[in-house]
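Asker:
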Amino acid sequence: MKQIFRASLFMGWIVVLESCNPSPERSQPSINQGPEVLDAPVQRFTFEVFKNADGTYGFDILENNKVMMHQHKIPNSKDTLGFSTSEEARSVASYYVMKLGKKQQPEIHPKTLDSLIERY
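All residue numbers for the sequence shown refer to UniProt numbering, where the first residue is 1 and numbers rise by one.
#1: To which residues of the same chain is residue 86 closer than 7 Å at the C-beta, ignoring the five residues directly before and after it?
#2: Under a three-way DSSP split, which group does residue 85 fall into?
#3: Determine the closest residue to residue 62 out of 45, 111, 109, with distance taken between C-alpha atoms.
#4: CB-CB under 8 Å to residue 81, same chain, minus the five flanking residues each way: which ones, in chain order?
#5: Compare the C-alpha of residue 60 against each of 94, 111, 115 and name the closest.
#6: When you compare only the Cα positions, how much space is there between residue 88 and residue 47?
#7: Where DSSP assigns a beta bridge to residue 62, which residues make up the other side?
#8: Assign residue 37 to one of three DSSP states: helix, strand, or coil.
#9: Do residue 106 and residue 76 count as a contact pair if the criterion is CB distance below 7 Å?
#10: Can you tell which of 79, 84, 91, 96 has the C-alpha that lies nearest to the C-alpha of residue 68?
So this is what it looks like as structure tokens:
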């Protein structure tokens, strides 16, 4: 009985010591851990601002470097005009990328749009 107790105590100490001393395999991420590790350093959604023929600006939303959304005019607007400046287009495109990154629908409320651009 005394030997079983000592063996159990010894095994308990080994488990404690192993859990306190992480091996390099546990502390270093492995490329074989799945898509979460591979997607982490790479931004999945990006955008590019472009100039329209009429001098206004629009943007493309890209998913893994492929165009998934082409926005040549101000969203939720009856006008067919684009953004006055590239900064306005960049601001709204950044908002869409943020929403997509959070796995939300790329929708924009008029009040949010108003806060992102000056003339709307």
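Just so it is clear, CB atoms sit at the ideal spot from N, CA and C, and this is done for glycine as well.
Answerer: So, from the data block:
#1: For the purposes of this step, residue 86 is identified with residue 86 of the sequence shown, where counting begins at 1. Excluding sequence neighbours, residue 86 sits near 49, 57.
#2: One-based indexing of the sequence shown puts residue 85 at position 85. Residue 85 falls in the coil class under three-state DSSP.
#3: Within the sequence shown, residue 62 is the residue found at index 62, counting from 1. Ranking the options by Cα distance to residue 62, first place goes to 45.
#4: Residue 81 sits at position 81 when you count from the first residue of the sequence shown. 54, 56, 73, 74.
#5: Here residue 60 corresponds to residue number 60 of the sequence shown, with the count starting at 1. Comparing Cα-Cα distances from residue 60 to each of 94, 111, 115, the minimum goes to 94.
#6: In the sequence shown, counting from the first residue as 1, residue 88 sits at position 88. In the sequence shown, counting from the first residue as 1, residue 47 sits at position 47. Distance between the alpha carbons of residue 88 and residue 47: 13 Å.
#7: On the sequence shown, residue 62 is found 62 positions in, with the first residue counted as 1. Note: residue 62 sits in a beta bridge opposite 46, 67.
#8: Within the sequence shown, the letter at position 37 stands for residue 37. Below a pLDDT of 50, predicted positions are generally treated as unreliable, and residue 37, at 38, falls in that range; no measurement from the model is reported.
#9: Taking the sequence shown and counting its residues from 1, one reaches residue 76 at position 76. Taking the sequence shown and counting its residues from 1, one reaches residue 106 at position 106. Against a cut-off of 7 Å, the Cβ pair of residue 106 and residue 76 comes out as no contact.
#10: By one-based count along the sequence shown, residue 68 stands at place 68. Minimum Cα distance to residue 68 is reached at 96.
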